[in-house]
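So the sequence shown is numbered by the numbering used here: it starts at 1 and just counts up by one.
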Amino acid sequence: MSNLAIYLFVIQLILSLDAAPQVLDQLQNGLDYYSYEGLEDETEKVSIKIYYECLCPDCRRFDSEQLVPVMRRLTDHLDIQTFPYGNAKTEEHDGKPTFTCQHGPAECYGNKLHACALDLLRNHTQALLVNACMMDPSQAGRGSDDQALDVCGKAMGFDTAPIKHCATSDRGTQLLEHYGEESGKVGYDYVPYVLINNKVLDPDCSDLLKFVCDAFVAPPRECRAYARELLEHGGSGGGGYARYAGCAS
Ligand SMILES: *[C@@H]1O[C@H](CO)[C@@H](O)[C@H](O)[C@H]1NC(C)=O
């Protein structure tokens, strides 16, 4: 080797020694649960609260791209509450509540379908999946209407008639009023507004799973598996770490 080649080699070595531990530190500090070796706590649940309205495009994207995949991985470790009301307004007319919804009357009706599904389906996970199904981009039109509900009922095997009946009756009105009151207590100016253990999820965060995993005291094995995925793909230009970093909590 010429002197120049040796010199360049040494410079390169110094640079790489300097950079590598830094990157690793950064990764591992942010991903404490990667090396977590304590016992899992089967009773620990992370709370997710979602304030949304059924026709808003960002809400529909959030459900299909973030919520459903996270539920698929972690459902037993989550306590999910959803509030289908969003930016609606409630007024009293002749002692009866009436609603004005951001995307018109169709959205008020859709929100009632969501509220009634949550009320009537005994399996809460199923109710959440039904609502996500009604908002899925594959639904005709804007979704969350009778037709969407029927598509989901058929796919998931439940009777949709009681839910439609609820949405057109006083019960639907009562439920929507309730969600309006609960939403008013929180105060937000955009939807979907998402709280993870009562901490606001940055609307730019495209990695709900990372944010949720960070919130566990004793992260379940699904989170450790995910941290490994991020570490493995983050270092090789796969965009894993970049995706993760955008959601720092
Ligand atoms: C509730 O529904 C989910 C999704 O359909 C299913 O995986 C789960 O087994 C159900 N739970 C019970 C207790 O039936």
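The C-beta atom is built at its ideal place from N, Cα and C for all residues, glycine as well.
Practice prompt. Have a look at Arg-60, Leu-55, Asp-94 and Gln-174 and flag the residue whose alpha-carbon is nearest the alpha-carbon of Gly-104.
Written response: Counting from 1 along the sequence shown, the entry for residue 104 is found at position 104. Of Arg-60, Leu-55, Asp-94 and Gln-174, the residue nearest in Cα terms is Leu-55.
Discussion item. Can you give me the C-alpha to C-alpha distance between Val-191 and Tyr-52, rounded to a whole angstrom?
Written reply: Against the sequence shown, residue 191 aligns to sequence position 191. Against the sequence shown, residue 52 aligns to sequence position 52. Taking the straight line from one Cα to the other gives about 5 Å.
Worksheet item: Taking the C-alpha atoms as reference points, what is the distance between Pro-220 and Glu-91?
Response: Along the sequence shown, one-based indexing puts residue 220 at 220. Along the sequence shown, one-based indexing puts residue 91 at 91. Those two C-alpha atoms are separated by around 44 Å.
Item to complete: Would you decide whether Asn-198 is buried or exposed? Buried here means 16 or more other CB atoms lie within 10 Å of its CB.
Response: Taking the first residue of the sequence shown as position 1, residue 198 is located at position 198. Exposed, by the Cβ-count rule.
Worksheet item: With respect to the alpha helix (DSSP H) encompassing Leu-128, which residues constitute its N-terminal and C-terminal limits?
Response: The count along the sequence shown starts at 1 and reaches residue 128 at position 128. From DSSP, the alpha helix (DSSP H) with Leu-128 extends over 124 to 135.
Worksheet item: According to DSSP, which residues form a beta bridge with Thr-160?
Response: Position 160 of the sequence shown, counted from the start, is the residue given in the question as residue 160. Assignment of beta-bridge partners to Thr-160 by DSSP yields no partner.
Discussion item. Taking the alpha carbon of Ala-88 as the reference point, which residue from Leu-176, Asp-150, Ile-163 and Leu-67 has its own alpha carbon closest?
Written reply: Residue mapping note: residue 88 aligns to position 88 of the sequence shown, counting from 1. The option with the nearest alpha carbon to Ala-88 is Leu-176.
Practice prompt. Tell me whether Leu-46 is buried or exposed, calling it buried when 16 or more other Cβ atoms sit within 10 Å of its Cβ.
Written response: Indexing the sequence shown from 1 puts residue 46 at position 46. According to the sequence provided, residue 46 is Val. The question's Leu does not apply to it. Buried, since its Cβ has 16 or more Cβ neighbours within 10 Å.
Discussion item. Could you tell me the alpha carbon to alpha carbon distance between Ala-227 and Thr-173, rounded to whole angstroms?
Written reply: Locating residue 227 in the sequence shown gives position 227, where the first residue counts as 1. Locating residue 173 in the sequence shown gives position 173, where the first residue counts as 1. Those two C-alpha atoms are separated by around 44 Å.
Fill in: Continuous beta strand (DSSP E) stretch holding Pro-84: start and end
Within the sequence shown, residue 84 is the residue found at index 84, counting from 1. That run of the beta strand (DSSP E) goes 78 to 84.
Item to complete: With ligand 1 as the reference, list in chain order each residue whose Cβ lies under 5 Å from any of its heavy atoms.
Response: Asn-123, Thr-125 and Gln-126
Item to complete: Throw me the rounded Cβ distance for the His-114 and Pro-137 pair, which I believe falls under 8 Å.
Response: Within the sequence shown, the letter at position 114 stands for residue 114. Within the sequence shown, the letter at position 137 stands for residue 137. At roughly 17 Å, the Cβ-Cβ gap does not stay under 8 Å, so His-114 and Pro-137 are not in contact.
Discussion item. Am I right that Arg-73 and Leu-209 are in contact with their C-beta atoms under 8 Å? What's the rounded C-beta distance?
Written reply: Position 73 of the sequence shown, counted from the start, is the residue given in the question as residue 73. Position 209 of the sequence shown, counted from the start, is the residue given in the question as residue 209. That pair is a contact at about 7 Å.
Worksheet entry | Status (buried if at least 16 other CB within 10 Å, exposed otherwise) for Val-217 | For the purposes of this step, residue 217 is taken as residue 217 along the sequence shown, with counting starting at 1. By the neighbour-count rule (16 or more Cβ atoms within 10 Å), Val-217 is not buried but exposed.
Worksheet item: Is it the case that the Cβ atoms of Cys-59 and Met-135 are separated by a distance below 8 Å?
Response: Position 59 of the sequence shown, counted from the start, is the residue given in the question as residue 59. Position 135 of the sequence shown, counted from the start, is the residue given in the question as residue 135. For Cys-59 and Met-135, yes; Cβs fall inside 8 Å.
Fill in: Inter-residue spacing [alpha-carbon to alpha-carbon] between Asn-123 and Gly-157
Working through the sequence shown from its first residue, we reach residue 123 at position 123. Working through the sequence shown from its first residue, we reach residue 157 at position 157. Taking the straight line from one Cα to the other gives about 13 Å.
Worksheet item: Can you tell me whether DSSP reads Leu-230 as helix, strand or coil?
Response: Your numbering for residue 230 matches position 230 in the sequence shown. If DSSP states are grouped into helix, strand and coil, Leu-230 belongs with the helices.
Worksheet item: What are the boundary residues of the alpha helix (DSSP H) that includes His-178?
Response: The residue given as residue 178 occupies position 178 in the sequence shown. Run containing His-178: 170 to 186, per the alpha helix (DSSP H) assignment.
Item to complete: In the DSSP assignment, find the beta strand (DSSP E) that holds Tyr-190 and state where it starts and stops.
Response: The residue labelled residue 190 in the question sits at position 190 within the sequence shown. No beta strand (DSSP E) contains Tyr-190, which DSSP labels as neither H nor E.
Worksheet item: Where does Lys-89 fall in DSSP's three states?
Response: In the sequence shown, the residue the question calls residue 89 occupies position 89. Lys-89 falls in the strand class under three-state DSSP.
Fill in: Distance, Glu-182 Cα to Cys-152 Cα
If you number the sequence shown from 1, residue 152 lands on position 152. If you number the sequence shown from 1, residue 182 lands on position 182. Cα-Cα distance, rounded: 27 Å.
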